[in-house]
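Sequential numbering from 12 applies to the sequence shown in this note's numbering. For every residue, glycine included, the Cβ atom is placed at its ideal position computed from N, Cα and C. Here is the structure we will look at, set down as structure tokens.
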Amino acid sequence: MATLAARVVQLTDTHFSARLGMPAEWPATRDWLLAAPPDLVVHTGDIVLEDPDDENDRAFAGELLEQLPAPLLAVPGNHDAGFYGEDADRPRRLDAFRQAWGDDRFIVEVAGWRLVGVNCYLLGDAEHDAWLADAVDSNEPVAVFIHQPIVGEPADGWETPRPAAEAFRRATVGADVEVIASGHRHRSAHLGRAVWAPSLTIPGDDWGEHPSDPRCGLVEHWLDADGGHRHRTVRPWQER
């Protein structure tokens with residue numbers, strides 16, 4: 012039997028809005044986390060509703076996330092830093108992100124695993140990609156947390172562009188990347204080592220791609236000391 016090493020909860024696409032107020036899913040989510048605090052919470056982006064420049068939404072999101080009973084790390088989503096191609100505004104938006112949530116990328120060692128948070132909107136940037144290659148160069152199994160999926164997306168204009176996906180593959184080739192945990196698509200799915208987390212607050216729409224679940228929720232990851240990984244989608248408002 013595997014020895015449990017760490018429990019990491021992944022939130023994503025919370026889309027917090029000062030104007031709309033507390034999402035209906037938040038009290039149950041907060042209470043579920045308070046009842047059994049994880050070792051770490053990772054937010055894989057789209058923290059705020061839709062406008063990366065809305066300071067009120069950032070402040071409101073901060074008030075809610077301060078209620079978490081565990082350390083929080085985050086990477087930006089398109090509604091935090093702008094989508095691909097919005098390069099002119101990126102430095103300013105990333106400065107605001109860092110002031111609110113800390114760095115836009117991270118490396119943390121958790122009980123025999125290396126967790127790497129990636130800013131997907133910098134993929135293809137030489138400095139970022141060199142950092143990523145160094146980050147995943149580890150004797151430990153690696154779990155990557157990133158906003159946008161690297162595989163499995165439909166070509167609908169919201170997918171990771173091919174050059175960015177190729178930059179990710181080049182930077183991580185040969186590394187022991189066991190898990191790539193993402194958000195963005197508002198759906199839960201398991202595609203090999205790729206784990207898609209659903210939005211906490213906004214259901215996904217219908218589509219005809221691979222099997223996936225559009226219902227809201229979060230993902231609970233267990234990282235075992237022997238290198239094993241397990242996960243499940245949780246809807247705290249349905250937990251008893």
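With DSSP as the reference, label residue i as helix, strand or coil.
| i | result |
| --- | --- |
| Gly215 | coil |
| His158 | coil |
| Ala192 | strand |
| Arg18 | strand |
| Trp248 | helix |
| Phe179 | helix |
| Phe108 | helix |
| Leu45 | helix |
| Trp207 | strand |
| His240 | strand |
| Trp124 | strand |
| Met12 | Any answer about Met12 is weak, because its pLDDT of 46 lies below 50 and its placement is not dependable; what the coordinates show is given next. In this structure, Met12 counts as coil in the three-state DSSP scheme. |
| Leu133 | helix |
| His197 | coil |
| Asp100 | helix |
| Asp187 | coil |
Taking the continuous alpha helix (DSSP H) assigned at residue i, which residues delimit it?
| i | result |
| --- | --- |
| Val147 | Ala137 to Val147 |
| Asp68 | Glu66 to Leu76 |
| Ala200 | Segment Ala200 to Leu202 is the beta strand (DSSP E) holding Ala200; no alpha helix (DSSP H) there. |
| His90 | Asn89 to Ala92 |
So is residue i buried or exposed if we call it buried at 16+ other beta carbons inside 10 Å?
| i | result |
| --- | --- |
| Met12 | Because the pLDDT at Met12 is just 46, under 50, the model does not fix this residue reliably, and the point stays unresolved. |
| Asp42 | exposed |
| Ala175 | buried |
| Leu31 | exposed |
| Glu36 | buried |
| Gly203 | exposed |
| Glu49 | Correcting the residue identity first, residue 49 is Pro in this sequence and not Glu. Answer is buried; the Cβ neighbour count reaches 16. |
| Leu45 | exposed |
Is it the case that the Cβ atoms of residue i and residue j are separated by a distance below 7 Å?
| i | j | result |
| --- | --- | --- |
| Pro87 | Asn150 | no |
| Val52 | Leu79 | yes |
| Val153 | Val127 | yes |
| Thr25 | Gly194 | no |
| His240 | Glu189 | yes |
| Val245 | Gln21 | no |
| Ala178 | Gly135 | yes |
| His158 | Thr40 | no |
| Trp142 | Leu234 | no |
| His232 | Ile213 | no |
| Val147 | Ala107 | no |
How would you write the range of the beta strand (DSSP E) that residue i sits in, first residue to last?
| i | result |
| --- | --- |
| Ala235 | Here the sequence assigns Asp to residue 235, which means Ala is not the residue at that position. Element bounds for Asp235: Leu229 to Asp235. |
| Ala85 | Leu83 to Ala85 |
| His54 | Leu51 to His54 |
*the region 80-95 in contact with the region 111-121 per 3-pair CB rule at 8 Å*: With the cut-off at 8 Å, the region 80-95 and the region 111-121 touch.
*Are the region 221-241 and the region 173-183 touching by the rule of at least three beta carbon pairs closer than 8 Å?*
In short, these stretches do not touch, since the Cβ pair count stays below three.
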